[in-house]
Amino acid sequence: MSHTKHKFGVVVFPGSNCDHDAYYILKQILDQDTCFLWHKDNSLDGSDVVILPGGFSYGDYLRCGAIARFSPIMKEVVPFARDGGVVIGICNGFQILCEAGLLPGALLRNECLTFVCKFVDFRVENNNTAFTSECNLGEVLHIPIAHGEGNYFVDDATLQQLKRNGQILFRYCDRDGSITPSSNPNGSIANIAGIMNKEGNIMGLMPHPERAADPMLGYKDGQKIFKSVIKGFINNEQINNYLVAERS
Amino acid sequence: MYNAQITITLRKSILDPQGKAIHHAIESLQMTSVEEVRIGKYIEMKINVDTQAEAKRITEEACKKLLANPVMEDYTFSVEKISN
Chain A
6 MSHTKHKFGV VVFPGSNCDH DAYYILKQIL DQDTCFLWHK DNSLDGSDVV ILPGGFSYGD
66 YLRCGAIARF SPIMKEVVPF ARDGGVVIGI CNGFQILCEA GLLPGALLRN ECLTFVCKFV
126 DFRVENNNTA FTSECNLGEV LHIPIAHGEG NYFVDDATLQ QLKRNGQILF RYCDRDGSIT
186 PSSNPNGSIA NIAGIMNKEG NIMGLMPHPE RAADPMLGYK DGQKIFKSVI KGFINNEQIN
246 NYLVAERS
Chain B
243 MYNAQITITL RKSILDPQGK AIHHAIESLQ MTSVEEVRIG KYIEMKINVD TQAEAKRITE
303 EACKKLLANP VMEDYTFSVE KISN
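So this is what it looks like as structure tokens:
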């Protein structure tokens with residue numbers, strides 16, 4: 006059976022500005038079938054993975070992600086995600102997923118009150134997931150952040166749940182992997198940089214893997230996140246092919 | 243017609259760095275009796291319904307579904323009749 010490439014759909018909200026970066030990395034660098042999904046679309050166009058990219062959807066009016074959540078395309082994304090479809094929210098996309106109730110918590114104003122745009126290090130806390138299987142446990146990734154509201158907050162009870170369920174994927178750390186207050190760029194609770202839902206099909210993270218994935222620019226840690234997702238699909242396909250072959 | 247006046251604030255349990263920064267500025271004005279500053283949002287909505295109860299119900303719904311994020315914010319509001 007021929008290998009069919011699965012399809013990434015990158016949502017474009019008014020004010021998205023990392024949509025083309027994500028598209029470029031997936032299409033040109035990782036050779037995946039990729040399409041844009043306009044915020045007014047009412048179909049995911051057959052996408053297997055939906056990316057909510059970074060940017061300032063709807064000018065960050067009211068709260069970051071609060072208006073985007075009500076976009077027509079989100080009426081498709083929410084049931085897709087609830088049915089187990091893979092959804093990745095990067096930066097503003099993470100904020101949108103929290104506002105939509107697809108991920109727990111909220112992203113507050115950075116504790117330092119300034120917009121922070123720099124490379125950070127963060128540690129892989131769980132590599133047994135669809136988003137991190139290409140990383141080693143405890144591996145330190147070097148990927149940039151660029152946000153004013155990335156200060157992740159959840160109440161204590163929810164934080165304990167996140168820990169218990171292995172939902173915390175990434176925590177800001179030093180170069181050597183130590184979790185320290187000085188390596189936390191925005192005041193996030195427990196240095197959290199990225200989480201997934203309990204079911205493991207929805208991920209949100211503040212760092213921008215698409216900005217550290219083109220080898221020509223010298224950094225490619227971001228590829229590991231996208232390659233984990235791609236690998237998951239290939240494995241599933243192999244399993245499906247095997248099952249089909251067994252049945253016939 | 244009713245006018246809803248809505249105030250949204252960060253929940254008490256959440257650190258408000260903006261409020262803190264302003265508090266520092268207030269202190270530099272020698273206003274030492276100010277003990278705490280917290281920042282919030284103010285929103286007005288004009289609502290074309292017949293009763294105050296209905297205007298309140300709509301305001302409550304808007305706060306819950308959109309205007310405030312219950313993870314991090316609290317809201318209060320008042321609703322006044324402004325014309326017929």
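First to last, the protein sequences are chains A and B.
Residues 6 to 253 in the working numbering are what the first sequence lists, from first letter to last.
Residues 243 to 326 in the working numbering are what the second sequence lists, from first letter to last.
Built from N, CA and C at the ideal position, the CB exists for glycine as well.
Out of T39(A), M221(A), F18(A), which has the shortest C-alpha to C-alpha gap to Y63(A)?
Locating residue 63(A) in the first sequence gives position 58, counting from the first residue. Nearest of T39(A), M221(A), F18(A) to Y63(A), Cα basis: F18(A).
Own chain residues within Cβ distance below 8 Å of C4(A), not counting five before or after:
Since the first residue of chain A shown is 6 and the last is 253, residue 4(A) is not available in this structure.
So, does the CB of R114(A) fall closer than 8 Å to a CB anywhere in chain B?
Here the question's residue 114(A) lines up with position 109 in the first sequence. So yes, R114(A) belongs to the interface.
Between which two residues does the alpha helix (DSSP H) harbouring A86(A) extend?
Indexing the first sequence from 1 puts residue 86(A) at position 81. Note, A86(A): alpha helix (DSSP H), 79-87.
Interface residues of chain A facing I256(B) [CB-CB closer than 8 Å]
Here residue 256(B) refers to the residue found at position 14 of the second sequence. Going along chain A in sequence order, the residues near I256(B) (Cβ under 8 Å) are L113, F158.
Taking E154(A) as the query, report the chain B residues whose CB atoms sit under 8 Å from its CB, ordered along the chain.
In the first sequence, the residue the question calls residue 154(A) occupies position 149. In chain order: nothing, as chain B lies at least about 11 Å away.
Express the C-alpha separation of F120(A) and I235(A) in angstroms, rounding to a whole number.
The residue labelled residue 235(A) in the question sits at position 230 within the first sequence. The residue labelled residue 120(A) in the question sits at position 115 within the first sequence. It is roughly 32 Å from the alpha-carbon of I235(A) to the alpha-carbon of F120(A).
Starting from V321(B), follow its DSSP beta bridges and name the residues at the other end.
Working through the second sequence from its first residue, we reach residue 321(B) at position 79. Paired residues: A246(B).
Write down the C-beta distance between H213(A) and P149(A) rounded to the nearest angstrom, noting that I regard them as a contact closer than 8 Å.
If you number the first sequence from 1, residue 213(A) lands on position 208. If you number the first sequence from 1, residue 149(A) lands on position 144. H213(A) to P149(A), Cβ: 6 Å. Contact.
Helix, strand or coil for D126(A), going by three-state DSSP, please let me know.
Along the first sequence, read from residue 1 onward, the residue named residue 126(A) stands at position 121. In the structure shown, D126(A) sits in a strand (DSSP, three-state: E or B).
Taking the alpha-carbon positions, what's the P190(A) to G98(A) distance?
Counting from 1 along the first sequence, the entry for residue 190(A) is found at position 185. Counting from 1 along the first sequence, the entry for residue 98(A) is found at position 93. Those two C-alpha atoms are separated by around 19 Å.
Proximal residues to H8(A) (C-beta, below 6 Å), its chain only, five neighbours per side dropped
The residue you call residue 8(A) lines up with position 3 of the first sequence. Note that H8(A) scores 41 on pLDDT, short of 50, meaning its location in the model is unreliable; the coordinates nonetheless yield the value given after this. Short of 6 Å from the beta carbon of H8(A), and not among the five residues preceding or following it, lies no beta carbon of its own chain.
Reduced DSSP category for T251(B) - H, G, I as helix; E, B as strand; rest coil
Stepping through the second sequence from its first residue, residue 251(B) is reached at position 9. It is a strand residue.
I'd like to know if G110(A) contacts chain B, where contact means its C-beta is closer than 8 Å to some C-beta of that chain.
Taking the first residue of the first sequence as 1, we reach residue 110(A) at position 105. At least one chain B Cβ lies under 8 Å of G110(A).
CB-CB under 8 Å to I268(B), same chain, minus the five flanking residues each way: which ones, in chain order?
Reading the second sequence from its first residue, position 26 is the one you call residue 268(B). Closer than 8 Å at the Cβ level, and outside the excluded window around I268(B), lie V276, V279.
Kindly list the residues whose CB is nearer than 8 Å to the CB of S233(A), restricted to its own chain and excluding five residues on each side of it in sequence; keep chain order.
Walking along the first sequence from the start, residue 233(A) turns up at place 228. So the qualifying residues of the chain are T134, A135, F136, T137, S138, E139, C140.
Within the region 252-306 of chain B, note down every full alpha helix (DSSP H) run reaching 4 residues or more, in order along the chain.
The qualifying runs are 259-270, 294-304.
With a Cβ-Cβ cutoff of 8 Å, do K123(A) and N170(A) count as a contact?
As a position in the first sequence, residue 123(A) is number 118, starting the count at 1. As a position in the first sequence, residue 170(A) is number 165, starting the count at 1. Not closer than 8 Å, so no.
L308(B) touches chain A at which residues, Cβ-Cβ below 9 Å?
The sequence position of residue 308(B) within the second sequence is 66, counting from 1. L67, A71, I72, R74, F75, listed in chain order.
Determine the DSSP secondary structure at L308(B), reduced to helix, strand or coil.
Here the question's residue 308(B) lines up with position 66 in the second sequence. Helix at L308(B).
The region 115-133 of chain A: positions lying closer than 8 Å to chain B by Cβ:
N115, E116, C117, L118
Can you give the Cα-Cα distance for D181(A) and L142(A), rounded to whole angstroms?
As a working note, residue 181(A) is residue 176 in the first sequence. As a working note, residue 142(A) is residue 137 in the first sequence. Going by the C-alpha atoms only, they are around 14 Å apart.
Can you tell me whether P58(A) is buried or exposed, with buried defined as 16 or more other CB within 10 angstroms of its CB?
Residue numbering aside, residue 58(A) sits at position 53 when the first sequence is read from its first letter. P58(A) should be labelled buried.
According to the neighbour-count rule (16 or more other Cβ atoms, all chains shown, within 10 Å of its Cβ), is M6(A) buried or exposed?
Here residue 6(A) is taken as the residue at index 1 of the first sequence, counted from 1. Caution is warranted here: a pLDDT of 40 is assigned to M6(A), below 50, making its placement in the model unreliable, and the coordinate value is therefore given only provisionally. Exposed, by the Cβ-count rule.
When DSSP labels each residue in this structure, what does Y66(A) get in the three-state scheme?
Residue numbering aside, residue 66(A) sits at position 61 when the first sequence is read from its first letter. Here Y66(A) carries a coil assignment [DSSP, helix/strand/coil].
To be precise: take each residue of the region 260-273 of chain B, compare its Cβ to all Cβ atoms of chain A, and keep it if any distance is under 7 Å. Which residues remain?
Correct list: Q260, A263.
If the cut is a Cβ gap below 8 Å, which residues of chain A does N311(B) touch?
Within the second sequence, residue 311(B) is the residue found at index 69, counting from 1. The answer, in chain order, is R68, A71, E104, A111.
Could you have a look at T39(A) and say whether DSSP puts it in helix, strand or coil?
On the first sequence, position 34 is the one that residue 39(A) refers to. Of the three classes helix, strand and coil, the one that applies to T39(A) here is strand, per DSSP.
Taking only three categories from DSSP, how would you classify G14(A)?
Residue numbering aside, residue 14(A) sits at position 9 when the first sequence is read from its first letter. It is a strand residue.
If you count every other CB in all the chains shown that lies within 10 Å of the CB of P312(B), and 16 or more means buried, which is it?
On the second sequence, position 70 is the one that residue 312(B) refers to. Exposed, by the Cβ-count rule.
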